[in-house]
Amino acid sequence: MPEKYKVIIRKCDDYDNLDQIRGIIREGIQELGEKPRGKVLLKPNLIFAHSRYGRYGFTEPRIIESIIDVLAAMPEVEKITIGERTAVTVPTRYSFYGAGYGYLEKKPKVEICFFEEAELVEVPLTKGTLHHSVKLARALVEADYKVWAPKLKHHASTKLTQALKLNIGILNAHERLSGHDWRLEEKIADLYEAGYPNLVVSDSILIGQQGELVPKPLHLGVIMMSNNGVAIDSVGARLIGFQPDQIEHLRLARSRGWEPVTDDQIELITEVPMETLLAKTKNFDRTFHDPTQVDTPIRFYLGHRPEGTEICDTGCSNMIKTALAIMEAYRPGSLKKARPMAVVIGEYEGDVDGQGLPVLLVGDCTKVKGKLIGKTRRIGGCPVVVPFFMNYGSYYFKVPNPYLDPVALATFPYHLVRSFIGKIKNRGLLNADFFS
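Be aware that the sequence shown starts at 2, since it is given in this note's numbering, and climbs by one per residue.
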């Protein structure tokens with residue numbers, strides 16, 4: 002155990018100077034004392050990509066290219082597998098090529114692994130409280146060295162998404178949705194055992210405000226590196242205005258003994274004073290963290306989860322916040338013009354008046370315990386996944402549906418078919434994991 006866990010912050014104003022980015026990564030690896038070797042698994046954040054309205058939610062491909070160039074030049078590195086699983090219901094191929102990653106396939110030593118198509122291996126978790134085992138892609142399980150390359154962003158529900166939250170993207174669809182409710186923070190803490198990176202390179206040149214899928218960019222102008230996910234997330238939390246203990250999955254990870262358990266165990270090595278960086282994020286935009294505060298006539302009634310008192314903020318509420326962010330990014334101003342629908346999530350104790358319009362009940366457990374005026378329409382699921390709510394919500398709110406976008410309609414089916422073929426090839430149609 003080191004005396005201090007290093008977090009390096011290096012100034013990098015843009016993505017254009019690849020020599021500078023490669024130099025930062027090369028020097029960071031040396032300063033951290035890291036020795037990449039053998040089969041390397043490189044995981045970016047590719048949660049969503051669209052050429053017009055979804056350009057800032059994923060790790061910039063030139064960051065990934067620079068990491069590859071540095072690693073490929075090391076004789077100890079045998080191969081570099083770029084591995085990822087994008088948002089549920091979306092084939093990773095769609096985001097991979099939509100984000101401009103296609104050219105990376107031709108880089109030396111590089112292979113691509115779309116996790117939802119890959120052969121799965123069950124991995125036990127000794128510290129898990131929600132997950133006691135998970136099924137992961139063989140390329141991830143058998144990697145000799147893991148490099149996580151997240152993008153520093155605000156998350157509408159978990160507040161921060163960076164190194165630890167990146168592990169949601171190592172799961173298959175079934176396990177990804179299991180516990181993606183009021184227990185999401187616990188789930189993320191569980192996954193740190195399976196997705197423990199040897200090196201983290203955080204794309205913090207343009208960081209993400211508002212929601213995580215289609216964030217509003219903010220220029221921070223740095224690259225962060227560490228060989229410890231908890232340490233770099235502790236610094237990332239501060240950069241966007243939170244204390245580490247305000248990030249629940251980070252607090253849980255520390256409580257389970259994942260070092261560093263306190264900030265005084267972190268050694269910050271930065272070219273840019275923290276005061277300068279914090280001044281840039283002083284007015285950090287957290288729109289969509291609370292749907293009741295969004296500028297829209299849509300009315301949200303947030304109830305508690307069954308057999309509990311807390312709002313299921315990281316379940317259906319999270320999915321709705323994400324969907325609202327996508328709707329607004331797709332057609333700015335559309336939420337202001339939406340119909341004044343009533344949307345209920347969870348067990349709501351008060352009264353709800355549809356005011357002549359249907360009342361949307363979102364999630365399997367949702368009910369109105371007070372007086373309910375108007376007809377209801379239920380959108381089922383636990384949680385309701387974003388595309389399902391998007392299709393229903395767009396129809397009832399009378400706002401444009403991003404899933405009917407011409408770019409998506411032109412390319413999505415192709416990548417879906419390719420993904421299906423890849424899954425048959427790697428798992429077999431009769432394999433129990435085929436529909437995972």
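By construction, the Cβ of each residue, glycine as well, lies at the ideal position given by its N, Cα and C atoms.
C-beta contact flag for residue i and residue j at 7 angstroms
i    : j    : result
W183 : R379 : no
Y6   : N229 : yes
S96  : A50  : yes
S205 : M225 : yes
A119 : A144 : no
F398 : R340 : yes
V124 : A195 : yes
T1   : L185 : Past the edges of the chain, shown from 2 to 437, lies residue 1, and the structure says nothing about it.
Q210 : D286 : yes
E106 : R86  : no
V386 : T90  : yes
Y193 : A140 : no
Outcome for residue i when other beta-carbon atoms lying within 10 angstroms are tallied against a minimum of 16
i    : result
Y415 : exposed
F289 : buried
F390 : buried
F436 : exposed
K188 : buried
V236 : buried
T310 : exposed
Y104 : exposed
N284 : exposed
G364 : buried
A433 : exposed
G371 : exposed
G29  : buried
M342 : buried
K147 : buried
M320 : buried
M275 : exposed
A411 : exposed
Reduced DSSP secondary structure (H/G/I, E/B, other) of residue i
i    : result
T366 : The question names Thr, but residue 366 in the sequence shown is Cys. The answer is strand: DSSP assigns C366 an E or B state.
D354 : strand
S335 : coil
R378 : strand
K5   : coil
I299 : coil
D434 : coil
K80  : strand
G222 : strand
V418 : helix
I64  : helix
E85  : strand
P407 : helix
C317 : helix
Y397 : helix
G24  : helix
L121 : strand
F115 : strand
E268 : strand
Integer-rounded CB distance, given that residue j should sit under 8 angstroms from residue i
i    : j    : result
L42  : T82  : 5 angstroms
S335 : F115 : Their Cβ separation, rounded to whole angstroms, is 32 angstroms, which puts S335 and F115 out of contact at 8 angstroms.
F59  : A88  : With a Cβ gap of about 11 angstroms, F59 and A88 do not count as contacting.
E213 : K154 : 5 angstroms
G304 : E348 : 4 angstroms
V353 : L373 : 5 angstroms
P384 : H181 : 6 angstroms
L251 : A238 : 7 angstroms
T367 : I346 : 6 angstroms
R63  : V223 : Not really, about 15 angstroms apart at Cβ, beyond 8 angstroms.
Residue i versus residue j - alpha carbon distance
i    : j    : result
R53  : V215 : 10 angstroms
K36  : D70  : 15 angstroms
I267 : K80  : 31 angstroms
H132 : G357 : 44 angstroms
K426 : L405 : 30 angstroms
R38  : I25  : 19 angstroms
T293 : K322 : 10 angstroms
W149 : V201 : 5 angstroms
V136 : F301 : The sequence shown places Lys at residue 136, rather than the Val named in the question. The alpha-carbon atoms of K136 and F301 are separated by roughly 36 angstroms.
K217 : I48  : 15 angstroms
A74  : G34  : 17 angstroms
E112 : K166 : 24 angstroms
V369 : T297 : 22 angstroms
E61  : Y16  : 8 angstroms
I241 : N392 : 32 angstroms
P76  : K40  : 12 angstroms
H220 : S256 : 33 angstroms
W259 : A190 : 10 angstroms
G55  : P388 : 15 angstroms
I22  : G375 : 58 angstroms
Residue i beta carbon near the ligand ADP (any heavy atom closer than 6 angstroms)
i    : result
L417 : Absence of the ligand ADP from the depicted structure is noted, as is the absence of any ligand whatsoever, leaving it without description.
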